[in-house]
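Below you'll find the structure, written out as structure tokens, and then a few comments.
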Amino acid sequence: MKHLILCAGLLASMTVSAQRKTIPQKVDSVLKLMTLDEKIGQMNQYNGPWAATGPLTNDDNLLSQIKDGKVGSMLNVTGVKRTKELQDIAMQSRLKIPLLFGQDIIHGYRTIFPVPLGEAASWDLEAMEKGARVAATEASAAGVHWTFAPMVDIARDPRWGRVMEGAGEDPYLGSKIATARVKGFQGKGLGNTDALMACAKHFAAYGAAVGGRDYNSVDMSLRQLHEVYLPPFKAAADAGAATFMNSFNDLNGIPASANAYLMRTILKGEWKFKGFVVSDWGSIGEMINHGYVKDNYEAALASANGGSDMDMESRSYIQHLVKLVKEGKVKMTVIDNAVKRILTKKFEMGLFDDPYRFSDEAREKAQWNNPEHLAIERDIAKKSIVLLKNEHSLLPLSKTAIGKDNAQRQIALIGPFAKAKSDNLGFWSYDWPDDSIRVTSLYEGVQKKVGADTKLLYAKGCNVNDTVTAGFAEAVATALQSDIVILSVGEARDMSGEAKSRSSIGFPGVQEQLVKAIVATGKPVIVMISAGRPLIFNWTADHAPAILYTWWLGTTAGDAMADVLFGDYNPSGKLPMSFPITEGQIPIYYSHFNTGRPAQNDSDRNYRSSYTDLSIYPKFPFGYGLHYTTFSYGPVQLSNGVLQKGKPITASVVLKNTGARAGTETVQLYLRDLVGSVVRPVKELKGFQQITLQPGESKTVTFTISVEDCRFYNDKLQYIYEPGEFRVFIGGSSRDVVETGFVLK
Ligand code: BGC
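Quick note on the working numbering: the sequence shown kicks off at 15 and runs consecutively.
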């Protein structure tokens with residue numbers, strides 16, 4: 015009833031039959047009622063008064079601007095109470111156009127999921143979709159309409175802190191994950207009260223920032239842009255992502271926020287995207303710093319004409335667009351088109367029918383502690399863990415084993431993250447008052463797995479990032495008393511994320527020294543690494559017998575880690591990014607070109623494309639990850655050695671579980687086009703399947719290859735395939751493969 019009264023003003027001006035109109039017709043009816051100021055108000059987004067995720071500009075008159083119809087959307091406003099409070103004010107505006115509430119729901123809201131890069135390591139698309147679904151269910155119950163996710167930027171430079179938000183280095187994997195996440199967030203479709211509008215960001219090529227420095231420039235060939243950086247965006251658009259967000263960078267000299275090639279030619283033109291584009295925080299105004307425009311007036315002109323429909327926080331639109339329209343510099347059609355796109359989403363979300371349909375206290379309460387959500391989180395958290403090393407099958411640990419001389423077994427938990435809670439949540443997550451109870455630490459996870467015959471010891475050893483080694487003696491003494499050490503090191507949650515670029519990506523502080531001191535005790539040491547990016551840890555990799563890469567795993571982190579440590583889950587994660595040996599190799603990625611002087615191996619350095627002082631190989635390659643069992647791959651069998659249009663072929667291998675435990679392998683398919691009118695990468699991921707096998711069990715794994723898998727962008731940006739020879743590789747990582755060849759005719 016309430017919404018009918020609140021919307022009465024607007025509805026009165028529409029006839030009864032108008033209520034039966036299609037959304038485009040309804041949008042047109044509203045547009046006709048709007049003044050120019052009100053239209054531009056819809057294109058304006060402000061940060062709410064409670065929290066901020068960027069440099070703040072305070073508006074004393076924020077609320078009166080909402081009342082005056084000058085604000086179309088707010089960000090960083092969550093919770094039924096707060097969203098209601100602001101929506102109430104919007105309902106006092108002349109046309110009562112509801113506000114849209116946007117928020118960075120990057121990896122969960124109440125239930126925090128692994129950071130997106132960690133989740134990508136699961137390669138489990140269904141689990142990722144479910145994770146996004148849970149995030150949407152919780153956030154939409156808290157009044158949020160729109161998430162600024164998924165972040166689909168391809169990233170090949172682990173110095174860039176924002177690698178944690180994406181899906182890693184590969185366009186194929188990145189596209190699949192983009193689709194899964196958009197589907198997860200938007201659920202059964204906009205209009206359902208548990209669906210969030212998705213936002214593919216940051217458009218585009220933000221991940222290629224020079225030197226891995228956040229907000230830095232990008233200059234790349236259009237071919238590379240189309241082949242590597244745009245596919246996940248295209249996948250997100252095809253999956254129906256409601257919105258896109260500009261990136262902060264300039265791309266080939268033109269800031270993304272005014273880049274008509276990106277927004278008008280590609281996104282709204284070629285891809286026929288029907289949603290709207292929001293700028294990044296202040297990115298329209300930042301074009302002044304880029305040296306692209308003189309002031310906010312010019313910024314508004316360039317961005318509106320370039321195709322950004324909504325201005326997040328720079329105030330350029332609200333201050334200058336009216337004048338620009340009156341002067342004829344921005345056409346009314348540009349404004350109308352932007353406003354139509356925004357209003358369409360508000361209609362699709364059902365907000366014109368009921369601006370409060372996401373403001374239901376009972377629903378908010380019901381989703382606050384939903385045990386099903388924790389179970390879904392734990393499932394993907396354990397699947398995200400990557401086993402990097404496991405000498406002499408040190409892992410998994412037994413739950414019941416006894417110690418030396420029939421004494422109680424002693425497990426030492428050492429390191430700055432052994433009892434960490436909020437660090438497990440990672441960047442872009444929320445702190446809730448009961449985190450100390452709800453988030454599980456590694457220590458607690460282990461404690462739940464073992465019985466009375468195991469005693470846990472603990473020593474912190476050192477802090478995350480200082481030079482103090484005073485705790486080493488206690489840590490070493492604790493290790494010496496124990497039968498096994500679990501050593502937990504890595505990055506604090508604010509060390510990878512926005513504006514968190516690091517030039518040295520080793521373990522911060524004295525943590526590597528701590529690892530050395532503990533390994534020197536001679537005790538079996540399992541190293542657990544928490545981080546938001548690939549780190550560099552050669553000494554540890556070479557000397558510790560067992561290593562689990564655990565990213566930042568979210569609310570149930572400790573339980574998920576313990577599930578893997580004690581073999582309740584056989585690790586299946588595979589790296590979504592190459593892990594370099596040193597920063598000197600960056601950028602390093604598996605799908606590089608061959609060059610005219612390829613090195614065959616690390617001894618082949620003379621006048622070769624190599625380093626005189628460094629390997630050309632990563633420490634751990636893309637797609638790599640061990641299990642508590644082993645898999646063997648038979649030779650690749652092709653159904654036909656000739657591939658033709660309309661006649662796909664299959665490539666099969668017999669996969670066998672050759673170990674003693676059931677396990678899941680991610681079987682990866684790569685192709686190489688040997689000769690092209692533009693040079694082609696040495697390998698490109700074209701498919702993957704997750705196969706679970708019992709010990710001794712075999713299965714034929716079959717991939718279909720069609721000419722579509724052989725396409726690439728030529729130098730005229732045509733997406734074509736060319737006849738010639740191809741290699742096919744199938745294996746458990748980008749490096750460990752069996753291969754054969756076919757001819758494309
Ligand atoms: C980030 C975006 C984010 C926005 C709003 C910006 O600084 O780059 O990814 O969505 O803030 O929080």
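Think of the CB as a built atom: it goes at the ideal place given N, C-alpha and C, for glycine as much as any other residue.
Measure the Cβ-Cβ separation of residue i and residue j and say whether it is below 8 Å.
{"i": "Arg7", "j": "Gly429", "result": "Past the edges of the chain, shown from 15 to 759, lies residue 7, and the structure says nothing about it."}
{"i": "Thr596", "j": "Ile550", "result": "yes"}
{"i": "Ser510", "j": "Ala545", "result": "yes"}
{"i": "Met326", "j": "Met211", "result": "no"}
{"i": "Ala676", "j": "Val742", "result": "no"}
{"i": "Leu401", "j": "Leu640", "result": "yes"}
{"i": "Ile356", "j": "Phe290", "result": "yes"}
{"i": "Val541", "j": "Ala560", "result": "yes"}
{"i": "Leu439", "j": "Gly568", "result": "yes"}
{"i": "Arg237", "j": "Asp729", "result": "yes"}
{"i": "Gly655", "j": "Val752", "result": "no"}
{"i": "His121", "j": "Ser443", "result": "yes"}
{"i": "Arg173", "j": "Gly226", "result": "yes"}
{"i": "Ile80", "j": "Leu100", "result": "yes"}
{"i": "Asn260", "j": "Asp233", "result": "no"}
Would you please state the rounded distance, in angstroms, between the beta carbons of residue i and residue j? I believe it to be under 8 Å.
{"i": "Ala432", "j": "Leu456", "result": "5 Å"}
{"i": "Phe162", "j": "Asp118", "result": "5 Å"}
{"i": "Thr680", "j": "Phe645", "result": "The pair is not a contact, with the Cβ atoms about 10 Å apart (cut-off 8 Å)."}
{"i": "Val524", "j": "Ala506", "result": "Their Cβ separation, rounded to whole angstroms, is 14 Å, which puts Val524 and Ala506 out of contact at 8 Å."}
{"i": "Ala149", "j": "Cys213", "result": "Incorrect: roughly 13 Å between the Cβ atoms, too far for contact."}
{"i": "Gln106", "j": "Gly86", "result": "Not a contact, Cβ separation roughly 15 Å."}
May I ask you to report which of helix, strand or coil DSSP gives residue i?
{"i": "Phe756", "result": "strand"}
{"i": "Arg423", "result": "strand"}
{"i": "Leu25", "result": "With a pLDDT of 47 at Leu25, under the threshold of 50, the predicted position of this residue should be treated as unreliable, and no value is reported."}
{"i": "Ile302", "result": "helix"}
{"i": "Val224", "result": "helix"}
{"i": "Glu341", "result": "coil"}
{"i": "Gly745", "result": "strand"}
{"i": "Glu760", "result": "For residue 760 there is no data in the structure shown, the boundaries of the chain being 15 and 759."}
{"i": "Ser760", "result": "Given that the chain is displayed from residue 15 to residue 759, the structure contains no residue 760 and the question cannot be resolved."}
{"i": "Ile630", "result": "coil"}
{"i": "Pro649", "result": "coil"}
{"i": "Arg686", "result": "strand"}
{"i": "Tyr735", "result": "coil"}
{"i": "Gln39", "result": "helix"}
{"i": "Ser502", "result": "strand"}
{"i": "Val30", "result": "For Val30, the predicted structure reports a pLDDT of 46, less than 50, and the residue's modelled location is therefore unreliable. A value from the coordinates is still provided. Helix, per DSSP."}
{"i": "Pro269", "result": "strand"}
{"i": "Ile19", "result": "Summary for Ile19: the model assigns pLDDT 37, below 50, so the residue's position carries little reliability; its value from the coordinates is reported in the next sentence. Of the three classes helix, strand and coil, the one that applies to Ile19 here is helix, per DSSP."}
{"i": "Tyr638", "result": "coil"}
{"i": "Thr678", "result": "strand"}
{"i": "Phe521", "result": "coil"}
{"i": "Gly175", "result": "helix"}
{"i": "Val232", "result": "strand"}
{"i": "Tyr727", "result": "strand"}
Check for me: the alpha helix (DSSP H) holding residue i runs from which residue to which?
{"i": "Phe361", "result": "Met346 to Glu362"}
{"i": "Ile399", "result": "Careful: Ile399 lies outside any alpha helix (DSSP H) and carries neither H nor E."}
{"i": "Gly701", "result": "Segment Glu698 to Leu707 is the beta strand (DSSP E) holding Gly701; no alpha helix (DSSP H) there."}
{"i": "Gly145", "result": "Leu139 to Ser154"}
{"i": "Leu528", "result": "Gln525 to Val533"}
{"i": "Leu100", "result": "Val94 to Ala104"}
{"i": "Pro410", "result": "Looking at the DSSP string, Pro410 is not in any alpha helix (DSSP H), and its letter there is neither H nor E."}
{"i": "Glu183", "result": "Counting along the chain, Glu183 falls outside any alpha helix (DSSP H), and DSSP gives it neither H nor E."}
{"i": "Leu7", "result": "What the structure shows of the chain is the stretch from 15 to 759, and residue 7 is not part of that stretch, so it cannot be assessed."}
Within the continuous beta strand (DSSP E) that includes residue i, where are the two ends?
{"i": "Asn61", "result": "Asn58 to Asn61"}
{"i": "Met542", "result": "Val539 to Ser544"}
{"i": "Ala314", "result": "Taken as a continuous stretch (DSSP letters only), Ala314 belongs to no beta strand (DSSP E), being part of the alpha helix (DSSP H) at Asn310 to Gly320."}
{"i": "Val667", "result": "Ile663 to Asn671"}
{"i": "Met88", "result": "Ser87 to Leu89"}
{"i": "Ile719", "result": "Ser712 to Ile719"}
{"i": "Phe290", "result": "Phe290 to Val292"}
{"i": "Thr257", "result": "Thr257 to Asn260"}
{"i": "Gln117", "result": "Leu114 to Gln117"}
Return no unless some Cβ of chain B is closer than 8 Å to the Cβ of residue i.
{"i": "Val464", "result": "Among the chains of the structure shown, chain B does not appear; only one protein chain is present."}
### Query
What are the complete alpha helix (DSSP H) segments, minimum 4 residues, inside the segment 185 to 220?
185 to 200
### Entirely enclosed alpha helix (DSSP H) segments - the segment 429 to 499, minimum 4 residues
449 to 452, 456 to 463 and 486 to 495
#### Entry: Within the segment 548 to 625, ranges of the beta strand (DSSP E) (whole runs, at least 3 residues)
560 to 563
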